[in-house]
Amino acid sequence: MAAGQRLICESTDLKERGKAVRFSVDWYGRSEPAFAVRFDGVVRAYLNRCAHVPVELDWSEGEFFDLSALYLVCATHGATYLPESGRCIAGPCSGRSLTPLRVAEAEGKVFLID
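Each residue of the sequence shown is one higher than the one before, counting from 0 in numbering that gives the first Met the number 0.
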């Protein structure tokens, strides 16, 4: 593992359009919840915070995708986000985005890039 990288999970822990892996990040001096998902083969990670109001999105721990597994959805407000960009396409925060986090996948592991 290179400097500035922190292990999030094993690559096999993230199934395509499946349950997310939750983790915490240091965000401006505070520990904040975050999550990683796999969508179209690519791992994406975001702060676990709705762009509308700062509440966690998952409706059950690690469950962020809607029933079609095409979108990430805020369980509180129904805001709908594109998994590949975090952009809100429907709901009270339409046009805003989730806060992305830099991640890398190498040698069967997923890393947070600080």
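Idealized CB from N, CA, C, for every residue including glycine.
Secondary structure at THR79: strand, using DSSP grouped into helix, strand and coil.
A straight-line Cα-Cα distance of about 14 angstroms links GLU9 and GLY40.
Taking C-beta separations shorter than 6 angstroms and ignoring five residues to either side along the sequence, the partners of ALA89 in its chain run THR79, following chain order. The three-state secondary structure of SER67, taken from DSSP, is coil. Under DSSP, ARG29 forms a beta bridge with TRP26. Taking GLY61 as reference, the option from HIS76, SER93, GLU31 and VAL36 with the minimal CA-CA separation is VAL36. When rounded, the separation of the alpha-carbon atoms in ILE7 and ALA44 is 10 angstroms. With a cutoff of 8 angstroms on beta-carbon distance, THR98 and ARG48 are scored as near each other. If the five residues before and after HIS51 are omitted, its C-beta is found closer than 6 angstroms to the C-beta atoms of HIS76, ALA78, PRO91 and CYS92, all from its own chain and listed in chain order.
Nearest neighbour of SER59 by Cα position, chosen from PRO53, LEU69, PHE34 and PHE38, turns out to be PHE34.
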